[in-house]
Structures are given as C-alpha cells and as structure tokens.
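In this note's numbering, the protein residues as written are 511 to 628.
Right, here's the structure in full:
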C-alpha cells in the first residue's frame, strides 16, 4: 500500500484518538491553521507558475498554448479591446510608450539583479 504524507498524518491522528479513548480522556485532534489571504495568494501563484512551467516544457502543449494566446489576441483586436498603435491618437500613444518604458526599465533591473545574484 502506498502511504502518502496525508495518510500518515491521518493515521497518527486516528492512533492518538484511539489511545485517548482507551485512557478515558478525549483529546481533540489539532486543527489546521487557516492560511491568511497573502499566504493563499502566494500558494496560488506558485501553483500557477508550476503549471505554466509544465506547459512550456512539453512541446505539443506549448504550441497549443501559443495558438490559444494568438486566437485571444485576434479576438481582442477585432472587438477593439486591444488597440493598435496606428489607431491611437498622440496622447494615447504617449501614455502607452511611457508604460512600455516603465515596464522595460523594471524588467531590465530584474534581469540585472538576477544576473548579480548568480
């Protein structure tokens, strides 16, 4: 029988419960600590990054993912949600370029710090 960490924990709890009943005392099993919102989000983020990593490592699934992203982009472009640069007025273009510059600077700094760590 394959015993996981969960089943071992469960068996230990059951054993403690049985021993406490035999001794004539009731000892409640310890409850799991509720995760805070930040911890839940961090856990989700890690799970999502692992999922994407698995998709990226499999060539067939990677192609499927790229095709889906491409279709999403085309649909957004047709609906007008995604605006092309040629369709923007100068004010919109200026604000988008500013956002691009900020993103690029952040990305470069992140890469530089990762390079310095290794």
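For glycine and all other residues, C-beta sits at the position ideal for the given N, C-alpha and C. Predicted, not measured: the structure shown is a model, and the values here were computed from it.
What's the C-alpha gap between residue 581 and residue 550? 31 Å
Along the chain, where does the alpha helix (DSSP H) that runs through residue 546 open and close? It is not in any alpha helix (DSSP H) - residue 546 carries neither H nor E in the DSSP assignment.
Measuring only from the beta carbon, is residue 551 closer than 7 Å to any heavy atom that is part of the ligand FAD? Looking for the ligand FAD in the displayed structure turns up nothing, as the structure carries no ligands at all.
Rounded to whole angstroms, what is the Cα-Cα separation between residue 598 and residue 604? 9 Å
Go through the segment 553 to 627 residue by residue and report every complete run of the alpha helix (DSSP H) that reaches 4 residues or more, in order. 569 to 589, 600 to 627
Buried or exposed (CB count within 10 angstroms, at least 16 for buried), residue 594: exposed
With a CB to CB cut of under 7 Å and the five nearest residues on each side skipped, what residues in its chain are close to residue 621? none
Determine the direct distance from the alpha carbon of residue 626 to that of residue 587, and round the result to whole angstroms. 39 Å
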